[in-house]
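In our numbering, the protein residues as written are 1 to 115.
Notes follow the structure.
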């Protein structure tokens, strides 16, 4: 059984496409998978908290601009970092691949059966 690390601060709420009543369950699954991925990729607790703050701001940007997690392009993260003047060592493509595997119910725009 996988354990996950609960951050002592806000966990990013990635906006998802329309899933009806199952949306809140998917959102929780994405949040849990994100925390596991973050723990596996950043060893230092302090660095994990700092990078979580950057990802939180990115998720807020997605929500504010009406984008969903499933509709992100390969360069969405790096473009946002550049425009916002932020830096991050995170490999966001790796996170997206991890989420595709751990939350297979998500309908990715570039996948068969996606929007």
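Yeah, the Cβ is synthetic: ideal placement off N, Cα and C, and Gly gets one too.
The model shown is predicted, which means the values in this text are computed figures rather than measured ones.
Cα separation between residue i and residue j?
i          : j           : result
residue 3  : residue 33  : The pLDDT assigned to residue 3 is 49, lower than 50, so where the model puts this residue is not dependable; a value taken from the coordinates is nonetheless given after this. When rounded, the distance between both Cα atoms is 10 Å.
residue 72 : residue 107 : 12 Å
residue 91 : residue 35  : 14 Å
residue 21 : residue 100 : 20 Å
With residue i as the anchor, note down where its alpha helix (DSSP H) starts and where it stops.
i          : result
residue 36 : 23-41
residue 77 : 76-84
residue 53 : 45-65
Between residue i and residue j, how many whole angstroms is the CB-CB distance? I'm expecting something under 8 Å.
i          : j          : result
residue 59 : residue 13 : 6 Å
residue 56 : residue 86 : Contact doesn't hold; Cβ gap of about 11 Å is too wide.
Decide if residue i is buried, meaning its Cβ has at least 16 other Cβ atoms within 10 Å, or exposed.
i          : result
residue 89 : exposed
* To do: Would you be able to state if there are at least three C-beta pairs under 8 Å between the stretch 67-79 and the stretch 34-54?
  => no
* Does the count of Cβ pairs from the stretch 73-80 and the stretch 16-30 closer than 8 Å reach three? -> no
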